[in-house]
Structures are given as C-alpha cells and as structure tokens.
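Student:
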Amino acid sequence: MKLSINRHLMQRLGFTGITLMAIATVTPIVAVVIYILIQGLPAISTEFLTGFPHDGMRAGGILPAIIGTLYLTIGTAIFSVPLGIAAAIYLSEYASDTPLTRTIRIAIINLAGIPSVVYGLFGLGLFVIFLKFGTSILAASMTLSIMTLPVIISTAEESLRSVPQGFRTVSISLGATRWQTIRRIVLKEALPGILTGVILGLERAAGETAPILFTGAAFFLPRLPGSPFDATMALPYHLFVISTQVPEMPIKIQYGTALVLLVFVLTMNLIATVIRSRARSKRQW
Amino acid sequence: MEKSLNWREFVITRLIQASGYSAIIFVALIFFFLLREGLPALAEVKPSELFNVRWYPIEDYFGILPLLTGSLIITLGAALIAVPFGIGTAVYISEIAPRWMREILKPLVELLGGLPSVVLGFLGILVLSPFIRVFLDLPTGLTALTGSILLGGIAVPTVVSVAEDALDAVPRAYREGAWALGATKWQTIWRVTLPAAKSGVLTAVMLGVGRAIGETMTVMMVTGNAPVLAIKLGSLFSPVRTMTATIAAEMGEVASGSTHYHVLFFIGMVLFLISLGVNIAASSVVFRAKKRAERILS
Amino acid sequence: MVDKIIIENLSLQYSDGVESLRDVSLNIREHAVTVLFGPAGGGKSTLLRCLNRLNDLTEVKASAGRIMIDGENVLDPKIDVIALRRKVGMVFARPVPLPMSIRENIIYGLELAGEKRRSKLDEAVERSLKLAAIWDEVKDRLNDPAIALSGGQQQRVCLARVLALQPEIILLDEPTSGLDPISTGKVEAALVELKKEYTIILVPHSVQQAGRTADYAAFFLQGELIEYGEGKSLFTAPKNKRTEDYITGRFG
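Protein sequences, first through last, are from chains F, W and R. Numbered per this note's numbering, the first sequence spans residues 16 to 300. Numbered per this note's numbering, the second sequence spans residues 172 to 469. Numbered per this note's numbering, the third sequence spans residues -14 to 237.
Now the structure itself:
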C-alpha cells in the first residue's frame, strides 16, 4: 500500500508542478496585453489616430505609421499570397516524392528559419541596391513577402492535404481534369484553412521591424507615401525609434503606439481564429 | 498521363510547377547575395583579426568573437527557460488539461507567438530592465539575462505548438496500454508518451532555439549592446551584444562597399549557416524517426 | 448479344512490385450484369480501374495488353481519357458524396462537360435520381447537403451522379459493402432495371450477392482469371475445382 500512496503523491505533485508551469507561461501573455492596454489607452484619441506627428514625434498623431504598416501589409500580401498558395498546390496536388520535392521542402524549412535581420540584409542587397528600387515600400514588401512565404506555403499545404482524397478520385472518375478538381473542390474546401494561414503570416509581417530597417522604413516623413518607390513610416519601426532614440519622449505616446500596433496584430489574429472555427462547424466532411 | 486538349490547363499547371520551385530559387538567391557581399570580408580582413575579441569598427577592429559569444549566451539562457516551460506547457495542454482549458490555452499561446518582438523589447526597456536592475542590484538592467528572459518568452510558443503536436500524434493505444498495466497518468506521460514523441519534441526545441538565435529587435533593445566577450558566468548579468543586433544597429551607418559593410554581411552569412545547420539537423531527426517507425511497422 | 468490352491479355504490375493482373482475357457482354468475384487481392478492383483509366493516378510499373471498347483500345495514351470516363462511370465501395448539395452532386459531371442550361440540368437530375430509385426520397430536399443522407441513400445518389452523364458502361466496386440489407436490395433492384440500357460490371461483396445478380460471372484468384461462364450455370455447376472450393466456402 505504501507503494501506491507514493505513486499517487508523485502524480499529484507532478500535475501541480506542470499546471503551475503552464500558468506561468500563459500569465505573462495576458499581463502584457492588459498592461499595454491600461498604459496606452490614455493616449488614444482621434487626433492620435488620424493626425501627423509634431515636435519631433513627441506630440500629435501617428497616422503615417498606421497607413505605412497598412501599405506594407497589403504589399506583402500581393507578392506572397498568390505565389505561396500556388506553391502549396504544387506540393499537395502535383508533386511526388522525388529528390527534387524533398529539396523544395528543405528549402521551405530553411526560409522559415532565416533570421529576420538576414532578410533585411538580403532585401538591401537585392532590392534596394542591385535592382535599384531604393529604400521603398516595394523593396520592403518584397523582402517581407519572401519571409512570409514559408508560413503561407506550409499552412496552405496542410489545409489542402486535409481535404479527403476520395473527393479527388470521384471528381476524376466523373471526367474532371486535375486542375478542375483542384479549383472546384479541393481549393474551395481548403480555403478557410488557407485564409487562416495567410492572415497569421501577414500578421507576423506587419509586426516585423528588422526586414524593413534597411529596405523601406523611415522615421520621419512629412507626407504620406505617394508611390511604391517612396519610403514609409511603419508602426513597429516607429515604436522602436521612439522608445530607444528620441530623448524626452512622453511615455504616454510610446504606450499609445505600442497599443495601436498590438491592436492591429491582435485583430488579425482574432479574424483568423474566427474564420477557422466557423469553417470547422460548416464543414461537409 | 492525362491528355489535356485544354492549353489553359497546361499553362496553369506550368505556373503552379514554377511556383513550387520558387522556394529553392529564393534560398539560393539569399545565399548567393550573402556570399557576394560577405566573402570580400575574408579578403579585406585577416582571419586572425576577424576571429578576434575586439569589435570596434570605427578603429578597424573587426573581431566577431564577442558577438558570437553574445548570441550564444543569450540563446543558452533563452533555451534554459523555453525548454522546461515550453515542454511543460505542451504536456499540460496535451495530457492534463481538461477540454475547455485546452480551447483557451492554445489560442493564448498562439497569441504570444504573434506578439511583435519590438513590443516585447519595448516592455523590456520600460518594465523588465528596471526590475532586474533593482532586484539584482546591478548597475544596469540591460543585460544578457534580460534578453534571455524575453527571448525565452518568444521561443516558448514555437516549442509549445510543435511539441504539443508531437504529443498529440502519439497513438492513443500507447497510453491505454500503459494504463492497462497499472501505470498512473503521470508515469505514463514520462515513461511512455514523452519518449514516444521524442523526435517531435526535439524538433520543437531546435526550432525554438533557432527562433532565439535569429531574434533581432528584442535583443537590440534590452541587452545593452556592449560587444564584450561573454564567457564568464557573470557575463549573464552584464551587457552583451548579439550578431543580429550588430547588423541591425550598424547597417544603417555603413558606406556601401566598405569593409565594415562586407563584415556585416559576413556576419549575416554566419547567421544563415547556423540556421541552415539547425534546420537540417531538425529535419534529419524527424526523417530518421520516420524511417525507424516505418521499419518497425512494416 | 454483342461484346461491349474485349479484354486481351491484360497484365499489370504496381510499382511496389505487386503483380495485380496476369494475362487476363475476358469479354463483357452488353446489356447484362457481369460479376467479377473472388477472394481479396484477386485483381478485380484493378481491372475495374483499368477500364476507366483511373489507374493513371497510381504508380503503375508495367502494363501490357489491350482493352477494346467499341473497337478502340482504351489503354492507348492517345485516346481522350476525359470522354472515356464519361462513357464508363464508376461507383465506389464507400459512398463519397461531394461536399455540396444533392443537386450539385448530380450535375457536377455535366457542369464539368460544359453544360450550363438550367433546363437540361434539372431534367438530368430528375432522370438520374429516378433511375437510381431514390427520386421520391429526396425530391423535396435537393438543395440539402448530400452528407445529410443515410449511407444507403448516399450510395444511390452516387449512382445517380454517374447516371447523369449518360454513360454506356457502369462499374460498381463493392457498392453495397457498408449498407444494410434493405438498401442493398434497392441497389440490386436498380441494377436489374439499369442493365436493360447499360452494360454493368459488378464486384460483389459476397458470393451470395454474386449469385443473386450475375448474368455472367468471372472468378478471379491472385490476378488470374480462373473461370468464366453464365451466372446460372457457374454457381450451380462450376467447372473448375478452385471455383467450386471458393463458392462453397472451403477458402476465402
């Protein structure tokens, strides 16, 4: 009997320890969001969200940074989404297990692991200097898209693969070509999952600073960017600069900027989660 | 071979194929550019000077060892935090938590993974760093420890989600077999489930570590940016500088084509190769485990 | 009675080395139910999948022989496979309703072929659901998701889906294996009606089903055709000892 008391005691202790660990991991997340909310809310006003900065960023609004992040996110989407989904379709529906396919997969894993600042270097070397785009929304978006590509490809491929194989067989047996099958059934059913992955990928791109440091971000621009070849302000870069390089920066404005960035990112997260759970309940398989 | 009279189908198929190959093209392109701008550093700076302990580019000192040790010590610190907390949380979510708790926790962890690193760095400057300075009675709160704590937090979501997937994938039959033999749930987790998910958990740790090595903004904001050789235990409590932070901080001020410029690209190449190594190691672990499983099941 | 399909010396080997069909020669009569039966691994499903070139999707290492349908060798890479698959329809062992409404399931094949006229599509829906003996059960809920039906109903919708394309040959691979006896009876009754207009090849899930439905029967064992004959005589007085052993249940 002593043996079994010991074992159950161990389980009790173990479970408590692990549970505490999980709580310790999750609590900071909630704390961070709430803290930024509390500290940043006082700064939020119509002027803050729609006005331009004054006095060396120490007053006024952050509209150009918000718009800039919006432009960059859209630009990233334009380049990475079609390419990423097409690559995912290739891997899921066309490719067989050959050395070439395995190399592609290794390449994707590697793209996913490259440090964001190395992407910045690459973007500088290729887009800004070699292709002469200069420090621009174009260069920054293309850099961010290559960084976002592996995320989109892997989530899209997983989504495509989860569509039951039986659908494809039936479709072919009724006289469909492979592409007809993909377009009418596979892609349609995988779309919510793909969309979730796209939004989560773009969310990450929106919050990144290092890739845009040398490729498109500027600290102070008097006007909103007028063309893709202009540089732009952006929320993550703006937060970085005002919290490390501007003396006498009002804390309120810093927290306000952080809050806006957080809300931008969390909203995308929320949209993705909602899409995912709604699709799960409406699924016809 | 399907006979496609439709040439539209042909064009679409070719475009899709080309998209598939694009990943390889991009990796090659990145490697090529890093090489192109980074290799000249080896010509312009003698290897003995490059692998030296003094990093002071203004006076032409390009020793990258302090940067390497800076990255190393922070990554180690981050791993010491991310591994136990990450695996522990994964075990909790996968094996212990009730269903409703799981539905709350998983999105929350995913949320942490989505937090921009600059926001965490920002809080690090304003909240964590003063706390550490006061709590540990140090001259400054911008230390390797601060960076490790934040990086640990950044790496944890990666570890949790990959490890949790791995644990989830362990067949129910394994657990039920252990219970049938009289093991407690706790014993089952440690002696059956976790070992069965070993390769997946290992991958999770490696990916988390990879994430930590590559992090830029957070470390740039909270580690103090002092390129000092970090090999003593005390180094943990003083400022250091990582390779990533160096590139981010100094790239804006270099003249294109100068030696400093080439050395920064060289450091970028080193980072690229390190992440390449970690990823190949991680995928070979999975590959070998799959082969083993195939052999056992055949 | 004409031979609709002439199979000449068909051999097939999968890329994992499994030899699925060995030198099979067989004639399929039109407007009749020909049953391919035998124990698992006999090559029956493989043969079906050759007839509508569904094997193009799997890794086939080597194949030889010809399959002549209406004078054309369908194994020839140059033929129009899409048209072939409309001519030779297939019903699978597990009902696979496409993730759409009943009506959309039925017209799927027609829309692939380019048919857009509403009147034609509606007419096809009614015609094929009646032929599959399920019109009365679903006529008021054509826009409901097909997945909401019972297993037996789903399978008959899958049959209707094939019939909508007005094929000439219908292949059925263990179509009633998951169904209850009543649904099975409905499917078998539908086949009796359908064979008047179509050529039907059926892989049954039991010898009893073979005996009930076969006009002609072919016994397959490990990729070889052992015996072929008229249904009535083959099941009561098989000529080959192995056929008799299988039918009487001495192995299976």
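Note that CB positions come from ideal geometry on N, CA and C, so glycine has one too. Every value quoted in this text rests on a predicted model; they were computed, and no experiment measured them.
Quick check: is the beta carbon of Pro223 of chain R nearer than 8 Å to any beta carbon in chain F?
Tutor: The residue given as residue 223 of chain R occupies position 238 in the third sequence. It does not: the Cβ of Pro223 of chain R has no partner Cβ on chain F nearer than 8 Å.
Student: Answer with yes or no whether the minimum CB distance from Pro278 of chain W to chain F is below 8 Å.
Tutor: Within the second sequence, residue 278 of chain W is the residue found at index 107, counting from 1. It does: the Cβ of Pro278 of chain W has a partner Cβ on chain F nearer than 8 Å.
Student: Any idea if Lys297 of chain F is buried or exposed, counting beta-carbon neighbours within 10 angstroms, 16 or more meaning buried?
Tutor: Within the first sequence, residue 297 of chain F is the residue found at index 282, counting from 1. Flag for Lys297 of chain F reads exposed.
Student: What first and last residue would you give for the beta strand (DSSP E) that runs through Tyr201 of chain R?
Tutor: As a working note, residue 201 of chain R is residue 216 in the third sequence. Here the beta strand (DSSP E) through Tyr201 of chain R covers 201 to 206.
Student: Assign Trp305 of chain F to one of three DSSP states: helix, strand, or coil.
Tutor: Only positions 16 to 300 of chain F appear in the structure, and residue 305 of chain F is not among them; the question remains open.
Student: Against Glu173 of chain F, what residues of chain W qualify as contacts under a CB-to-CB distance less than 7 Å, listed in chain order?
Tutor: As a first step, residue 173 of chain F must be located in the first sequence, where it is residue number 158. None at all; the shortest Cβ gap to chain W is about 11 Å.
Student: Can you list the residues of chain R that Thr192 of chain F reaches, using a CB-CB cut of under 8 Å?
Tutor: For this step, residue 192 of chain F is matched to residue 177 along the first sequence. The contacting residues are Ile67.
Student: By how many angstroms is the C-alpha of Leu307 of chain W removed from the C-alpha of Arg291 of chain F?
Tutor: By one-based count along the first sequence, residue 291 of chain F stands at place 276. By one-based count along the second sequence, residue 307 of chain W stands at place 136. Roughly 45 Å between the two C-alpha positions.
Student: One question on the structure: do Ile438 of chain W and Ile418 of chain W come within less than 8 Å of each other, judged by their Cβ atoms?
Tutor: As a first step, residue 438 of chain W is located in the second sequence; it is residue number 267 there, counting from the start. As a first step, residue 418 of chain W is located in the second sequence; it is residue number 247 there, counting from the start. Their beta carbons are under 8 Å apart, which means Ile438 of chain W touches Ile418 of chain W by this criterion.
Student: Give the straight-line distance between the Cα atoms of Gly271 of chain F and Leu239 of chain F, rounded to the nearest whole angstrom.
Tutor: Here the question's residue 271 of chain F lines up with position 256 in the first sequence. Here the question's residue 239 of chain F lines up with position 224 in the first sequence. Near 20 Å, if we compare the C-alpha coordinates of Leu239 of chain F and Gly271 of chain F.
Student: Give, in chain order, every unbroken run of the alpha helix (DSSP H) that is at least 4 residues long and sits entirely within the segment 57 to 111 of chain R.
Tutor: As far as the segment 57 to 111 of chain R is concerned, its whole alpha helix (DSSP H) runs of at least 4 residues are 66 to 72, 87 to 97.
Student: What residue range is occupied by the uninterrupted alpha helix (DSSP H) comprising Met414 of chain W?
Tutor: Looking up residue 414 of chain W in the second sequence gives position 243. Counting along the chain, the alpha helix (DSSP H) containing Met414 of chain W begins and ends at 414 to 421.
Student: With 16 as the cutoff for other CB atoms within 10 Å, does Trp271 of chain W come out buried or exposed?
Tutor: The count along the second sequence starts at 1 and reaches residue 271 of chain W at position 100. Trp271 of chain W comes out exposed.
Student: Candidates W:Leu251, W:Ala368, W:Trp178, W:Ser190: which alpha carbon is nearest Ala101 of chain F's?
Tutor: Position 86 of the first sequence holds residue 101 of chain F. Answer by Cα proximity: W:Ser190.
Student: Taking a Cβ distance cut-off of 7 Å, strictly less, list which residues of the segment 253 to 265 of chain F are near chain W, in chain order.
Tutor: From the segment 253 to 265 of chain F, only Leu254, Phe255, Ser258, Thr259 have a Cβ closer than 7 Å to chain W.
Student: Pick from F:Pro165, F:Tyr134, F:Ile51: whose alpha carbon is nearest that of Val278 of chain F?
Tutor: As a position in the first sequence, residue 278 of chain F is number 263, starting the count at 1. For the residues F:Pro165, F:Tyr134, F:Ile51, the minimum Cα distance to Val278 of chain F belongs to F:Ile51.
Student: Quick one: Cα of Glu173 of chain W to Cα of Ile187 of chain F, how far?
Tutor: Start at 1 with the first residue of the second sequence, and residue 173 of chain W comes out as number 2. Start at 1 with the first residue of the first sequence, and residue 187 of chain F comes out as number 172. Since pLDDT at Glu173 of chain W reaches only 40, below the 50 mark, its modelled position is unreliable, and the value read off the structure follows with that caveat. If you take the alpha carbons of Glu173 of chain W and Ile187 of chain F, they lie about 10 Å apart.
Student: Could you check if His253 of chain F is buried or exposed, using at least 16 other CB atoms within 10 Å of its CB as the buried criterion?
Tutor: The residue you call residue 253 of chain F lines up with position 238 of the first sequence. Buried, since its Cβ has 16 or more Cβ neighbours within 10 Å.
Student: Indicate whether the contact test is met: 3 or more Cβ pairs, each with one atom in the segment 120 to 133 of chain R and one in the segment 83 to 94 of chain R, closer than 8 Å.
Tutor: Segments in contact, yes.
Student: Suppose you measure from the CA of Val425 of chain W to the CA of Gln54 of chain F; what does that come to, to the nearest Å?
Tutor: Position 254 of the second sequence holds residue 425 of chain W. Position 39 of the first sequence holds residue 54 of chain F. Straight-line Cα distance between these residues: approximately 37 Å.
Student: Which residues, in order along the segment 430 to 459 of chain W, keep a beta-carbon less than 8 Å from a beta-carbon of chain F?
Tutor: So the list reads Leu435, Phe436, Gly439, Leu442, Phe443, Ser446, Leu447, Val449, Asn450, Ile451, Ala453, Ser454, given in the order they occur along the chain.
Student: Using a beta-carbon distance cut-off of less than 7 Å, what residues from the segment 98 to 120 of chain F approach chain W?
Tutor: Per Cβ criterion, the list reads Leu98, Ala101, Ala102, Ile104, Tyr105, Leu106, Tyr109, Ala110, Thr118, Ile119.
Student: Three-state secondary structure (DSSP) at Ala340 of chain W?
Tutor: On the second sequence, position 169 is the one that residue 340 of chain W refers to. Looking at Ala340 of chain W - three-state DSSP - the assignment turns out to be helix.
Student: Roughly how many angstroms separate the alpha carbons of Leu247 of chain W and Leu35 of chain F, rounded to a whole number?
Tutor: Within the second sequence, residue 247 of chain W is the residue found at index 76, counting from 1. Within the first sequence, residue 35 of chain F is the residue found at index 20, counting from 1. Their Cα atoms are separated by approximately 23 Å.
Student: Tell whether a beta-carbon distance below 8 Å holds between Val172 of chain R and Thr161 of chain R.
Tutor: As a working mapping, residue 172 of chain R is identified with position 187 in the third sequence. As a working mapping, residue 161 of chain R is identified with position 176 in the third sequence. A contact, by the Cβ cut-off of 8 Å.
Student: List the endpoints of the continuous alpha helix (DSSP H) containing Gly241 of chain W.
Tutor: If you number the second sequence from 1, residue 241 of chain W lands on position 70. Note, Gly241 of chain W: alpha helix (DSSP H), 236 to 262.
Student: Give me, in chain order, the residues of the same chain whose beta-carbon lies closer than 8 Å to that of Ala238 of chain R; leave out the 5 immediate sequence neighbours on both sides.
Tutor: No statement about residue 238 of chain R is possible, as the shown extent of chain R runs from -14 to 237 and does not include it.
Student: Do you know offhand how far Thr359 of chain W's Cα is from Glu335 of chain W's?
Tutor: As a working mapping, residue 359 of chain W is identified with position 188 in the second sequence. As a working mapping, residue 335 of chain W is identified with position 164 in the second sequence. Thr359 of chain W and Glu335 of chain W: Cα-Cα distance of roughly 16 Å.
Student: Measure the Cβ-Cβ separation of Trp300 of chain F and Pro84 of chain R and say whether it is below 8 Å.
Tutor: In the first sequence, counting from the first residue as 1, residue 300 of chain F sits at position 285. In the third sequence, counting from the first residue as 1, residue 84 of chain R sits at position 99. Yes, Cβ-Cβ distance for Trp300 of chain F and Pro84 of chain R is below 8 Å.
Student: Could you name the residues that DSSP lists as bridge partners for Glu212 of chain R?
Tutor: Here residue 212 of chain R is taken as the residue at index 227 of the third sequence, counted from 1. Note: Glu212 of chain R sits in a beta bridge opposite R:Phe204.
Student: Strictly below 8 Å CB to CB, what residues from chain R border Ile200 of chain F?
Tutor: By one-based count along the first sequence, residue 200 of chain F stands at place 185. By Cβ distance, chain R contributes Leu83, Pro84.
Student: Does the Cβ of Thr31 of chain F have 16 or more other Cβ atoms within 10 Å, making it buried, or fewer, making it exposed?
Tutor: Taking the first sequence and counting its residues from 1, one reaches residue 31 of chain F at position 16. Burial call: exposed.
Student: Start and end of the alpha helix (DSSP H) containing Ile187 of chain F?
Tutor: By 1-based counting over the first sequence, the position of residue 187 of chain F is 172. Unbroken alpha helix (DSSP H) run through Ile187 of chain F: 180 to 188.
Student: So with CB distances below 8 Å, who are the chain W contacts of Gln269 of chain F?
Tutor: The residue you call residue 269 of chain F lines up with position 254 of the first sequence. Correct list: Phe293, Leu297.
Student: Against Val213 of chain F, what residues of chain W qualify as contacts under a CB-to-CB distance less than 9 Å, listed in chain order?
Tutor: Your numbering for residue 213 of chain F matches position 198 in the first sequence. Correct list: empty, because the minimum Cβ distance to chain W is about 14 Å.
Student: Identify the residues that DSSP records as bridge partners of Phe22 of chain R: which are they?
Tutor: Locating residue 22 of chain R in the third sequence gives position 37, where the first residue counts as 1. Per DSSP, R:Phe204.
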